[in-house]
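J.: Supplied in structure tokens, the structure appears directly below.
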Amino acid sequence: MKLVDAHHHLWDLSRGHYPWLQEAYDPQAFFLGDYSPICQDFLAPDYRAAAGPCEVVATVHVEAERNRHEQLAETAWLHEVHAVHGFPNAVVAHAWFDRPDSEECLLAQSRFPLVRGIRSKPVTSASPAHSVKGQAGTMQDEAWLRGFSLLEKYQLRWDL
Numbered sequence: 008m009k010l011v012d013a014h015h016h017l018w019d020l021s022r023g024h025y026p027w028l029q030e031a032y033d034p035q036a037f038f039l040g041d042y043s044p045i046c047q048d049f050l051a052p053d054y055r056a057a058a059g060p061c062e063v064v065a066t067v068h069v070e071a072e073r074n075r076h077e078q079l080a081e082t083a084w085l086h087e088v089h090a091v092h093g094f095p096n097a098v099v100a101h102a103w104f105d106r107p108d109s110e111e112c113l114l115a116q117s118r119f120p121l122v123r124g125i126r127s128k129p130v131t132s133a134s135p136a137h138s139v140k141g142q143a144g145t146m147q148d149e150a151w152l153r154g155f156s157l158l159e160k161y162q163l164r165w166d167l
């Protein structure tokens, strides 16, 4: 059976900083438990080995929470990976919608040929009772909405 992997991650810890993989965390407090086994490089050959006998014919790499000052570097690196290994075939990159430079970042991301969309997680609250209308970074924030509205201009899709 031929498969398209619509959401995967790669990372090279020597090429970029991934705070969630490279800094201490409390596995007892993290809601998904202990992920220390993945706190190491996961490169294209590792992906192919993990896919095993599956016939993966195309993949979509979704940004992997690299340091937010390195979001364009992550996208550039993924294009290098594609040039050598033939995948990923599409990229969902990162940009903050609520930042003053969001349009510059969206423009830069849109110029990469594999980029199809942007993953930008809005700020959320623990419960509706803790929600603050219009809080910075939320989907009610005017700055966030302005950045979000630019996706159409750059022909990008939003991945939540």
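For what it's worth, this note's numbering labels the leading residue of the sequence shown as 8, then goes sequentially. Positions of the beta carbon are idealized from the N, C-alpha and C atoms, including for glycine.
Could you please give me the residues that DSSP links to A65 through a beta bridge?
T.: V11
J.: Starting from H92, trace the alpha helix (DSSP H) both ways and give me its first and last residue.
T.: 78-92
J.: Going by the CB atoms, is the gap between Q116 and A100 shorter than 8 angstroms?
T.: yes
J.: What does DSSP give as the partner residues of E153 in its beta bridges?
T.: Here residue 153 is Arg; the residue named in the question, Glu, does not match the sequence. Answer is none; R153 lacks a bridge partner.
J.: Would you kindly report the start and end of the unbroken alpha helix (DSSP H) that includes W27?
T.: 26-29
J.: Would DSSP call A58 helix, strand or coil?
T.: helix
J.: Closer than 7 angstroms: is that where the CB of R75 sits relative to any heavy atom of the ligand MG?
T.: In the structure on display, the ligand MG does not appear, and there are no ligands present to speak of.
J.: How many whole angstroms separate the CB atoms of L17 and V88, which I take to be in contact at a CB cut-off of 8 angstroms?
T.: 6 angstroms
J.: Return the CA-CA distance between C61 and D41, expressed in angstroms with no decimal places.
T.: 27 angstroms
J.: Answer with buried or exposed for H68, where buried requires no fewer than 16 other C-beta atoms within 10 angstroms of its C-beta.
T.: buried
J.: Which residues in the same chain have their Cβ closer than 8 angstroms to the Cβ of G141, if we skip the five residues on either side of it in sequence?
T.: The answer, listed in chain order, is Q147, D148, E149.
J.: Could you tell me how far apart the beta carbons of W84 and R22 are, in whole angstroms, since I believe they sit closer than 8 angstroms?
T.: 6 angstroms
J.: Would you report the Cα separation of A56 and A31, rounded to the nearest angstrom?
T.: 28 angstroms
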